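J.:
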Amino acid sequence: MESICAGLNVLELGSGSVAASIAGVVLADAGARVIKIEPPDGDRLRTHNPSGFLVWNRGKESLVADLRTAEGQQVVRDLAVHADVVIEGFAPGTTSGWGIGADDLRAANPSLIHCAITGFGTTGPYSRLKAYDSLIAAKAGVWARGAFGHRDGPIMFPVPWASFGAGMQSAAGILGALLVRETTGRGQALQSTLFAGLDPIDYFVATVVQVMAKRGEKPSGDARAATSASRFGVLLVTRDGRFIQTSTMLPHQGKALCEVAGIGHVLDDPRFKGLPTFANADDAQEWETLMQEAFRTQDLDHWLPLLEASPDVAFEVAVTSEEGLNHPQVVHNADVVTVDDPVWGPIRQVGPVGHFEKTPIGPSRSAPALGENAGPLAVQQFPHGGGDAPEHPFAGVTVVEFGCFYAMPYGTAMLAALGARVIKIEDGKGDPHRNSFGPEVATNKTTAAKQSLSVDLRTPEGRVIAQQVVANADVFVDGFRSGVAEKLGLGYQELSELNPRLLYVHAAGYGSDGPYAHRALYAQAAQTVAGSFGRQVGYWMDPAQSDGFSVMELQAVVLPRLSMLVDGDSNAALALVAALSLGLYHQRRTGTGQFLRTSMIGGNAWAYSDDFCTYEGKPPIPLCDSEYYGTSALDRVYPAAGDGWVCLAVRSDAEFIALLETLGLSDLAADDDELAALLAAKFLERPAAEWESELTAARVGCVEANVLGQPIFTVFDPVLQETGLTVAVDHPIFGEMVRAAPPVSFSETPGRVAPPCLRGEHNRLILTELGYSDGDITKLEELNVVIPPA
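The structure is reproduced here in structure tokens:
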């Protein structure tokens, strides 16, 4: 069968844009012809992040054009006439100044879909900031660690989360716009931002701070402050200095971990009976200390067989990204593939974003040499369309969701924000995530714009209702481990017979089958597989740094420095929305259903994909210093006058020269440490806001680092509200709540902003659509088949 994106011509513009590269490689893996327009000296990523370039540009072609010249600009115009998609990663106004912006190219090709990826959009003061991951994360408050940090100021984590998120969201938006074009024949202009790419990484704290503010309390943007009396994840250290990340989201998981540790007797203590939640922070800390003391007594070789023998313990051992390539489940899932490169030889790297049964995707070849391409684009026959534009990009698509917590549900929530109808099937207790951090707090984002159907699937009548819903749907997404859906009559075999055109998606933690598929998996352990420890806190991951430490010393010195940003769910959600969009693009065009499998570990591998690869001669990925100020003098946070901090990110010689000129420095530094000391002394002379203003005007990447935290920035920053990057929604319980706008904006078919759903809120609406009368529904409620909302 033909590849999902076969026949699509894609142009990719924007030297050094990680987000544009990732959006492009998703389409290239799916069969699109993607031509990367590079300057004469090559895309900046070739030297700045060579491993990332090899992975994010596999399967593409390269065409050299100096876009600052009339000749280079004409090359783009000529290509765009026959292109389906243009992905652009330049600063706002750059390409329009060259006469090759969205309006210019779409005037010559009305069928063109143009997706521009920026840092903070095209208007407002933040639009002038350089769209570098370090800067966007610092400005958005992602690195703010608050009172729980081991030192003052922001903590840098050198992971391109913003670009990864924006790349996956852009791919989904492009595929939605392509579907609209099938109906209308018209393309449109899309915009996505690195700010929106970061939004999935704040799971629920933006909701917490607003609830606190409504109660008259001082909001805290630190997730740990909101969860200090709980232990949903405990980091354990073995005698030989290996770190084990556990997840204890549910009571039975915490109990199983106690049994493995040999301290099952503590479960009789009334203080610990409610674990993983406790009456107060002191009780929570005492339980954690007991766990750490137990595990510190033996080496990893002792604990690993015991942990693996207990299926109720969710855990992973801390590794680097390269070590993660060899995880048995990663290998089993084909989430690692080998691509031969003519220069570097075999490169083991992340597999496709999803595994499609009938239309498999994946890399066809390695990244191109500079200027390597197959010649002009073929003349395109664009869809004639003629129909009316839908209200939203994925309007008319119905997705049935069967799962809980964050990773899968937030992936479908992003699709709902792009217009899909998402029906969430829940039992009478509802998704347990609804009560994880206070009633309905955690689900403000995961149930946004969805509908909830609450039925008892243990009853024959409940299963019939669920099957009837799926029979009329386009997609069924199962987030549970294999066997759960099958026992309830919702397996692929049953549902595909009811609905042959169904896209059935299994989005589990470890995957559909294989050595770990029966195990539970949550965010912290999922990211551990992909190498989050090695990338985020690599210095302190070394067992030598904790050799001989007591548990008290570990808690005082080492563990605070291993406090990572939890990205395991958000990474998986972003990869899922891209895979879902590919599956829908194929299904809606062909009418063919199929089985699609994704996994949390696969999605996390994508987030770390520039280091989740190995080949002979691979350069090491830059890591932070021991106190997490930065990876170098030119990618680093510095204290400024007063209590402020700046984040500096310099990517080119021109930017470096401009930095020195603006600061009044000569390049006298003998090495990186000396340069950092010179810059540190200079930044202390003035407040952070002044440095941001002056250096931004000089086209140098510098921002005032937000130390209040991402949730507070998202909720309260006036610039985000004025520029439409955040929106207000009327929550059914909490009243008006602010959250990020839909992840991609469209010139003709905008995304959708709608409140979250409560459990069972749409029972009667959905059942009425299926043909049930009011009397039928009342009878089903009396039988407890249908459970009304509380």
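Position 643 (the sequence shown) corresponds to 644 in my numbering; numbering is contiguous.
Virtual Cβ for every residue (Gly too), placed ideally from N, Cα, C.
A quick note: this is a predicted structure, and the numbers were derived from the prediction, not measured.
1. If you count every other CB in all the chains shown that lies within 10 Å of the CB of Glu89, and 16 or more means buried, which is it?
2. Based on the DSSP secondary-structure assignment, which residues constitute the bridge partners of Arg146?
3. Give the C-beta separation of Thr208 and Asn445 to the nearest angstrom, bearing in mind that I take them to be a contact with Cβ-Cβ under 8 Å.
4. Once you ignore the five residues that flank Ile778 on each side, which residues in its own chain have a CB closer than 8 Å to its CB?
5. To the nearest angstrom, report how far apart Thr360 and Val337 are at their CA atoms.
6. Excluding the 5 residues flanking Ala690 on each side, which residues of the same chain have their C-beta closer than 8 Å to its C-beta?
7. Where does Phe205 sit, in a helix, a strand or coil, going by DSSP?
8. Can you tell me whether Val380 is buried or exposed, with buried defined as 16 or more other CB within 10 angstroms of its CB?
9. Since Cys116 sits in a beta bridge, which residues does DSSP pair it with?
10. Could you give the first and the last residue of the continuous beta strand (DSSP E) run that contains Tyr505?
11. For Arg152, does the count of other Cβ atoms within 10 angstroms reach 16, so buried, or fall short, so exposed?
12. With a cut-off of 8 Å, do at least 3 Cβ pairs link the segment 74-82 to the segment 2-9?
13. Check whether the Cβ atoms of Leu676 and Ala729 lie closer than 8 Å to each other.
14. Do you know how far the Cα of Val267 is from the Cα of Leu195?
15. By the DSSP assignment, the beta strand (DSSP E) with Glu13 in it spans what residues?
16. How many angstroms separate the CA atom of Ser52 from the CA atom of Val401?
17. Closer than 8 Å by C-beta to Arg589: which residues in its own chain qualify, once you throw out the five before and the five after it? Chain order, please.
18. Taking 8 Å as the cut-off, does the segment 186-201 touch the segment 113-120 (at least 3 CB pairs, one atom from each stretch)?
19. So which of Ile101, Ala545, Ile622 and Val647 has the shortest CA-CA distance to Arg69?
20. According to DSSP, what are the bridge partners of Asp479?
21. Decide if Ser22 is buried, meaning its Cβ has at least 16 other Cβ atoms within 10 Å, or exposed.
22. Taking only the alpha-carbon atoms, compute the straight-line gap between Glu749 and Asn707 and give it to the nearest angstrom.
23. Among the candidates Asp457, Ser746 and Pro712, whose CA atom is the shortest distance from the CA of Pro201?
24. By a C-beta neighbour count over all protein chains shown, 10 Å radius and 16 as the cutoff for buried, is Met1 buried or exposed?
25. From Val506 to Tyr540, what distance separates their C-alpha atoms?
26. Please classify Glu705: does DSSP put it in a helix, a strand, or coil?
27. Would you identify the three-state DSSP class for Ile796, choosing helix, strand or coil?
28. Can you list, in chain order, the residues of its chain with a C-beta nearer than 8 Å to that of Gly263? Leave out the 5 residues immediately preceding and following it.
29. Let me make sure I understand the geometry here. Which of Ser564, Asp85 and Trp99 has the alpha-carbon closest to that of Phe91?
30. Using the C-alpha atoms, what's the distance from Asp570 back to Leu560?
31. What's the C-alpha gap between Asn473 and Val423?
32. For Trp607, which residues from the same chain have a beta carbon less than 6 Å from its beta carbon, with the 5 sequence-adjacent residues on both sides left out?
33. For Asp389, which residues in the same chain have their Cβ closer than 8 Å to its Cβ, ignoring the five residues on either side in sequence?
34. Using 8 Å as the Cβ pair cut-off and three pairs as the minimum, do the segment 602-620 and the segment 514-529 touch?
35. Look up Lys37 in the DSSP assignment and give the residues it is bridged to.
36. What first and last residue would you give for the beta strand (DSSP E) that runs through Glu317?
T.: Checking against the coordinates, here is how it stands:
1. Taking the sequence shown and counting its residues from 1, one reaches residue 89 at position 88. Glu89 comes out buried.
2. Here residue 146 refers to the residue found at position 145 of the sequence shown. Looking at the DSSP assignment, Arg146 forms no beta bridge with any residue, so it has no partner.
3. Here the question's residue 208 lines up with position 207 in the sequence shown. Here the question's residue 445 lines up with position 444 in the sequence shown. That belief holds up - the Cβ atoms of Thr208 and Asn445 are roughly 4 Å apart, short of 8 Å.
4. As a working mapping, residue 778 is identified with position 777 in the sequence shown. Cβ within range, chain order: Asn764, Arg765, Leu768, Thr769 and Val787.
5. Translated into the one-based positions of the sequence shown, residue 360 becomes position 359. Translated into the one-based positions of the sequence shown, residue 337 becomes position 336. Cα to Cα, the separation comes out at about 18 Å.
6. Sequence index remark: in the sequence shown, residue 690 carries index 689 (1-based). Hits under 8 Å: Gly645 and Glu705.
7. Within the sequence shown, numbered from 1, the residue matching residue 205 stands at position 204. Coil.
8. For this step, residue 380 is matched to residue 379 along the sequence shown. So Val380 ends up on the exposed side.
9. As a first step, residue 116 must be located in the sequence shown, where it is residue number 115. Bridge partners of Cys116: Ile88 and Leu191.
10. For the purposes of this step, residue 505 is taken as residue 504 along the sequence shown, with counting starting at 1. That run of the beta strand (DSSP E) goes Leu504 to Ala509.
11. Against the sequence shown, residue 152 aligns to sequence position 151. Label assigned to Arg152: exposed.
12. no
13. Here residue 676 refers to the residue found at position 675 when the sequence shown is read from its first residue. Here residue 729 refers to the residue found at position 728 when the sequence shown is read from its first residue. Taking 8 Å as the Cβ cut-off, Leu676 and Ala729 do not qualify as a contacting pair.
14. Your numbering for residue 195 matches position 194 in the sequence shown. Your numbering for residue 267 matches position 266 in the sequence shown. Going by the C-alpha atoms only, they are around 46 Å apart.
15. Residue 13 sits at position 12 when you count from the first residue of the sequence shown. Unbroken beta strand (DSSP E) run through Glu13: Asn10 to Leu14.
16. As a first step, residue 52 must be located in the sequence shown, where it is residue number 51. As a first step, residue 401 must be located in the sequence shown, where it is residue number 400. When rounded, the distance between both Cα atoms is 38 Å.
17. Residue 589 sits at position 588 when you count from the first residue of the sequence shown. Answer for Arg589: Leu180, Glu183, Val398 and Asp475, listed in chain order.
18. Short answer: they touch.
19. Position 68 of the sequence shown, counting from 1, holds the residue named residue 69. Out of Ile101, Ala545, Ile622 and Val647, Ile101 has the C-alpha closest to the C-alpha of Arg69.
20. If you number the sequence shown from 1, residue 479 lands on position 478. The partner list for Asp479 (beta bridge, DSSP) reads Phe403 and His507.
21. Stepping through the sequence shown from its first residue, residue 22 is reached at position 21. Result: buried.
22. Counting from 1 along the sequence shown, the entry for residue 749 is found at position 748. Counting from 1 along the sequence shown, the entry for residue 707 is found at position 706. Each residue's Cα considered, the two are about 34 Å apart.
23. Here residue 201 corresponds to residue number 200 of the sequence shown, with the count starting at 1. Here the closest residue by C-alpha is Pro712.
24. Nothing can be reported for residue 1: it is not among the residues displayed for the chain, which extend from 2 to 791.
25. For this step, residue 506 is matched to residue 505 along the sequence shown. For this step, residue 540 is matched to residue 539 along the sequence shown. The alpha-carbon atoms of Val506 and Tyr540 are separated by roughly 38 Å.
26. Translated into the one-based positions of the sequence shown, residue 705 becomes position 704. Strand.
27. The first residue shown for the chain is 2 and the last is 791, placing residue 796 beyond what the model contains.
28. As a first step, residue 263 is located in the sequence shown; it is residue number 262 there, counting from the start. Result list for Gly263: Ala295, in chain order.
29. Along the sequence shown, read from residue 1 onward, the residue named residue 91 stands at position 90. Phe91 has its Cα closest to that of Trp99, out of Ser564, Asp85 and Trp99.
30. Here residue 560 corresponds to residue number 559 of the sequence shown, with the count starting at 1. Here residue 570 corresponds to residue number 569 of the sequence shown, with the count starting at 1. The straight-line gap from Cα to Cα measures roughly 22 Å.
31. For the purposes of this step, residue 473 is taken as residue 472 along the sequence shown, with counting starting at 1. For the purposes of this step, residue 423 is taken as residue 422 along the sequence shown, with counting starting at 1. Roughly 12 Å separates the two Cα atoms.
32. Numbered from its first residue, the sequence shown carries residue 607 at position 606. Only Val351 and Ala576 meet the Cβ criterion.
33. Translated into positions along the sequence shown, residue 389 becomes position 388. Contacts found: Thr184 and Thr185.
34. These segments touch.
35. Here residue 37 is taken as the residue at index 36 of the sequence shown, counted from 1. Beta bridge pairing from DSSP links Lys37 with Glu13 and Ser63.
36. Your numbering for residue 317 matches position 316 in the sequence shown. Membership of Glu317 in the beta strand (DSSP E) is indicated by the continuous run Ala315 to Val318.
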